[in-house]
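Below: the structure, in structure tokens.
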Amino acid sequence: MIRVLLADDQTLVRASFAMLVDSAPDMEVVGQAGTGKEAVELARSARADLVVMDIRMPELDGIEATRLIAADDDLAGVKVLVLTTYDTDEHVVEALRAGASGFVVKDIRPAELLDAIRTVAAGESLLSPGPTARLISRVLAAPDGPPTAGGPEQLSDRERQVLGLVARGLNNTEIAESLGLSPLTAKTHVSRIMGKLRARDRAQLVVVAYESGLVRPAC
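Heads up: the sequence shown at position 58 corresponds to 45 in this note's numbering, and the numbers run straight through without jumps.
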């Protein structure tokens, strides 16, 4: 059972999402927060597995709330799925840097939101390769902000290949097929890369890949 915390300053939005999540047999809503501060507090007290986090909230915005959750050792297992109004919202990159595992737009279809929650709760990142690639590349071209983790120069050639495919949105099975590896070997490579780059999850690997210039979006 996936324990979900909903954080959004709009009561109607929270109520709608709560009905949807509670309708799924494999997940339950364990709390609702109307501010970023409440989200952090409830993440601790409700022991959520995943927080569906709106970016724009009062008291403490979703980015800072995500950062506090990601930095708390007691909440190491809590994943954050960011909600945004548009897939061109440049705050998404800040959220990924802060520790979010992916993002979805608010007009997502109900079944897609449930699938997104399952994906992130399972430890995968949720990043749309097209618009996300362009967004990350554009924002990270700016000089402000330190890198999320170590750079890919410390990786082997094979690990750099794998990192590039992760950044393109491929899962472990697709990476294995692309490189002629077994799925287990592909998974091992991804785990080693995360360790070397001190990345929290695959979403941060994507940020590192674009931030370093290892991967560039197609024009």
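Glycine included, each C-beta is placed from N, C-alpha and C at the ideal position.
Using DSSP's beta-bridge definition, name the partner residues of residue i.
i, result
"Val92", "Thr71"
"Thr19", "Here the sequence assigns Gln to residue 19, which means Thr is not the residue at that position. Paired residue(s): Leu(-7)."
"Leu37", "Val(-9), Lys66"
"Met14", "Ile(-11)"
May I have the straight-line CA-CA distance separating residue i from residue j, to the nearest angstrom?
i, j, result
"Ser199", "Ile(-11)", "34 angstroms"
"Leu37", "Ala103", "11 angstroms"
"Arg34", "Arg147", "36 angstroms"
"Arg187", "Asp59", "12 angstroms"
"Ala5", "Leu166", "41 angstroms"
"Met210", "Ala2", "No answer is possible for residue 210: the residues shown for the chain start at -12 and end at 206."
"Met44", "Asp(-5)", "7 angstroms"
"Leu55", "Val27", "7 angstroms"
"Leu152", "Val79", "21 angstroms"
"Pro218", "Pro97", "Here the chain has residues from -12 to 206 only, and residue 218 is not among them."
"Leu168", "Thr(-2)", "48 angstroms"
"Ala85", "Leu184", "15 angstroms"
"Glu46", "Arg145", "45 angstroms"
"Gly182", "Pro139", "12 angstroms"
"Leu201", "Val194", "10 angstroms"
"Glu25", "Ala57", "15 angstroms"
Assuming residue i and residue j are in contact, meaning their beta carbons sit under 8 angstroms apart, how far apart are those beta carbons, in whole angstroms?
i, j, result
"Leu192", "Leu150", "6 angstroms"
"Ala154", "Ala196", "4 angstroms"
"Thr172", "Ala163", "7 angstroms"
With a CB to CB cut of under 8 angstroms and the five nearest residues on each side skipped, what residues in its chain are close to residue i?
i, result
"Leu68", "Leu37, Val38, Val39, Met40, Ala87, Ser88, Gly89, Phe90, Val91, Ala103, Ile104, Val107, Leu113"
"Asp61", "Arg31"
"Lys66", "Asp36, Leu37, Val38, Ser88, Val107, Ala108, Gly110, Asp188"
"Pro170", "Asn159, Thr160, Ala163"
"Val177", "Val149, Val153, Asn159, Ile162, Arg189, Leu192"
"Gly209", "The structure shown does not extend to residue 209, since the chain is modelled only from -12 to 206, so the question has no answer here."
"Ile95", "Ala103"
"Glu99", "Val91"
Using a Cβ-Cβ cut-off of 7 angstroms (strictly less than) and excluding sequence neighbours within five positions of residue i, which residues of its own chain qualify?
i, result
"Ala82", "Ile42, Gly49, Ile50, Thr53, Val69, Phe90"
"Ile16", "Ile is not the amino acid found at residue 16; the sequence shown has Val there. Val(-9), Leu(-7), Ala5, Val8, Asp9."
"Val0", "none"
Skipping 5 residues on each side, what residues in its chain have a beta carbon closer than 6 angstroms to that of residue i?
i, result
"Arg179", "none"
"Thr72", "Lys93"
"Leu29", "Leu(-8), Gly18, Ala20"
Beta-carbon separation of residue i and residue j under 9 angstroms?
i, j, result
"Gly23", "Leu(-7)", "no"
"Leu157", "Leu7", "no"
Between residue i and chain D, is there a C-beta pair that is closer than 9 angstroms?
i, result
"Lys183", "You won't find chain D in this structure, because it holds only one protein chain."
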